[in-house]
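These protein sequences, in sequence, are chains A and B. 5 is the number of the first residue of the first sequence in my numbering; add one for each residue after it. 5 is the number of the first residue of the second sequence in my numbering; add one for each residue after it. Beta carbons: idealized from backbone N, C-alpha and C, even for Gly.
There are 2 protein chains.
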Amino acid sequence: MTVPSRAPTPIAAASPLFLREDEIRRGIELLYFGYSAMIRGADAILAREGFGRAHHRALYFIARRPGLAVGDLLRLLAITKQSLGRVLNELQGHGLVEQSIGTTDRRQRLLRLTDAGAALEAALFAELEAGMAAAYGEAGQTAVTGFWAVLVGLIPPEDRALVGRLGQA
Amino acid sequence: MTVPSRAPTPIAAASPLFLREDEIRRGIELLYFGYSAMIRGADAILAREGFGRAHHRALYFIARRPGLAVGDLLRLLAITKQSLGRVLNELQGHGLVEQSIGTTDRRQRLLRLTDAGAALEAALFAELEAGMAAAYGEAGQTAVTGFWAVLVGLIPPEDRALVGRLGQA
DNA sequence: CGAGATGGGACAGTCATGTTGACATATCTT
DNA sequence: AAGATATGTCAACATGACTGTCCCATCTCG
């Protein structure tokens, strides 16, 4: 390791002039490393099961919104239907996801997890949750509110509804 | 869109019982979508230049720590040297990155950006900065401090020094 | 009712970026 | 002098994106 060292990482407060380049870079870097760290635990489980992150994302959102239509999942993931198609076929082939025909629009295919799918998703969620809960606890409630606020600010206004909606009944 | 709608996304405060599943899921989702949103602008520039995110990450860290050794970059990116090797060869082939021999350890290859490399990195950074600065401004200084604190909490303690060190002279 | 739009699916080919494993060379450390 | 370390390279492979094209079922609207 050649990078010069310094004292143990204090959690510095944002300065009043917080738009300086260094504070922007700090945000970029923490977002990158924080995201990587959150994902890491789940990756190990996925590797054992022979799946990848693409499968995880699909499982996650189907678990979050049972009965989600394929098109809605496509918009959440922001990938092409060909890419999603492969992933869904694999998940269905392994009996983790099942489809039903839409009630109001019979062209739609509504997605939900089977029991096996729900079990895998639960194991994956438990990994993410462990890291998140520890970080929330360490940082405190006020910090969590700020964490959410900055992340919402990063999302283009027209996409915010899509994300916010996930948490609603 | 089939997902049920709700009123315009308020930035809710974290509840006292903030370890509930829904608040964990909110963090996971905002982290995912926030990270995706931050990256998006830079991707467009990269596509025009014929590069990808791997090139961006290398450029970013070399810009951040000029004279960074290959091994240190490897540890930051957490990929294999074969993967990094391809990326660095491409960047050097396009005259964006140059190497020099380490001063204290002649086995090391120290990396820095050429003028052209610095120009590209600056354009990419400007994209990230625009989104970050807007989010910081919208959320406020206290929120930014909380944002950092939660993200630091997500990073395993043994990796925190590596990240914190980036910001130091 | 019929035309066109929409939701979903499939085939084929390509690209970016990661992985293992094996090996080579130069240099540092002991 | 021996072994560890820093770097580089060849080869083969996996994953998960992409584009382009075509298909069918179903809904919407004039």
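Quick one: measure Cβ to Cβ for residue i and residue j, integer angstroms, because I've assumed they're closer than 8 Å.
i, j, result
"glycine 99 (chain A)", "alanine 120 (chain A)", "6 Å"
"leucine 95 (chain A)", "leucine 128 (chain A)", "Not really, about 13 Å apart at Cβ, beyond 8 Å."
"glycine 38 (chain B)", "leucine 132 (chain A)", "Contact doesn't hold; Cβ gap of about 15 Å is too wide."
"glutamate 33 (chain B)", "valine 167 (chain A)", "6 Å"
For residue i, which three-state DSSP category applies?
i, result
"isoleucine 105 (chain B)", "strand"
"arginine 164 (chain A)", "helix"
"alanine 130 (chain A)", "helix"
"arginine 116 (chain A)", "strand"
"glutamate 73 (chain B)", "Reading off the sequence, residue 73 (chain B) comes out as alanine, not glutamate. Here alanine 73 (chain B) sits in strand by DSSP."
"leucine 170 (chain A)", "coil"
"isoleucine 28 (chain A)", "helix"
"isoleucine 83 (chain B)", "coil"
"proline 20 (chain B)", "With a pLDDT of 49 at proline 20 (chain B), under the threshold of 50, the modelled position of that residue is not reliable, and no figure is offered here."
"phenylalanine 151 (chain B)", "helix"
"histidine 98 (chain B)", "coil"
"isoleucine 159 (chain B)", "coil"
"glycine 45 (chain B)", "helix"
"phenylalanine 65 (chain A)", "helix"
"arginine 110 (chain B)", "coil"
"glycine 56 (chain B)", "coil"
"glycine 89 (chain B)", "helix"
"glycine 144 (chain B)", "coil"
Here's a check: name, in chain order, each residue in its chain whose Cβ is nearer than 7 Å to the Cβ of residue i, leaving out the five neighbours to either side.
i, result
"leucine 170 (chain A)", "Arg68 and Arg69"
"glutamate 53 (chain A)", "Leu124"
"alanine 173 (chain B)", "none"
Do you know how far the Cα of residue j is from the Cα of residue i?
i, j, result
"arginine 30 (chain B)", "glycine 144 (chain B)", "20 Å"
"arginine 57 (chain B)", "alanine 153 (chain B)", "26 Å"
"leucine 158 (chain B)", "glycine 157 (chain A)", "20 Å"
"leucine 155 (chain B)", "leucine 80 (chain A)", "23 Å"
"arginine 111 (chain B)", "leucine 117 (chain B)", "20 Å"
"glutamate 186 (chain A)", "arginine 24 (chain A)", "It is not possible to answer for residue 186 (chain A), since the shown part of chain A is limited to 5 through 173."
"alanine 73 (chain A)", "phenylalanine 65 (chain A)", "11 Å"
"phenylalanine 55 (chain B)", "serine 104 (chain A)", "41 Å"
"alanine 137 (chain A)", "aspartate 109 (chain B)", "43 Å"
"alanine 165 (chain A)", "glutamate 162 (chain B)", "37 Å"
"alanine 51 (chain A)", "serine 40 (chain B)", "23 Å"
"phenylalanine 151 (chain B)", "glutamate 142 (chain A)", "12 Å"
"proline 160 (chain B)", "leucine 115 (chain B)", "27 Å"
"alanine 82 (chain B)", "alanine 130 (chain B)", "25 Å"
"asparagine 93 (chain B)", "glycine 71 (chain B)", "17 Å"
"leucine 78 (chain B)", "leucine 78 (chain A)", "34 Å"
"alanine 205 (chain B)", "threonine 146 (chain B)", "The structure shown does not extend to residue 205 (chain B), since chain B spans only 5 to 173, so no value can be given for it."
"arginine 113 (chain B)", "glycine 97 (chain B)", "16 Å"
Ignore the nearest five residues each way along the sequence and tell me which others in residue i's own chain have a CB closer than 6 Å to its CB.
i, result
"glycine 135 (chain B)", "Met42"
"tyrosine 140 (chain B)", "Val148"
"valine 91 (chain A)", "Ala58, His59 and Ala62"
Take residue i and list the residues in its own chain whose beta-carbon comes closer than 8 Å to its own, dropping the five residues that flank it on each side.
i, result
"aspartate 76 (chain A)", "Arg69"
"alanine 122 (chain A)", "Ala67"
Handout entry: Three or more C-beta pairs below 8 Å linking the stretch 33-49 of chain A and the stretch 84-96 of chain A
Key = Using a C-beta cut-off of 8 Å, the stretch 33-49 of chain A makes no contact with the stretch 84-96 of chain A, since fewer than three inter-stretch Cβ pairs fall below that distance.
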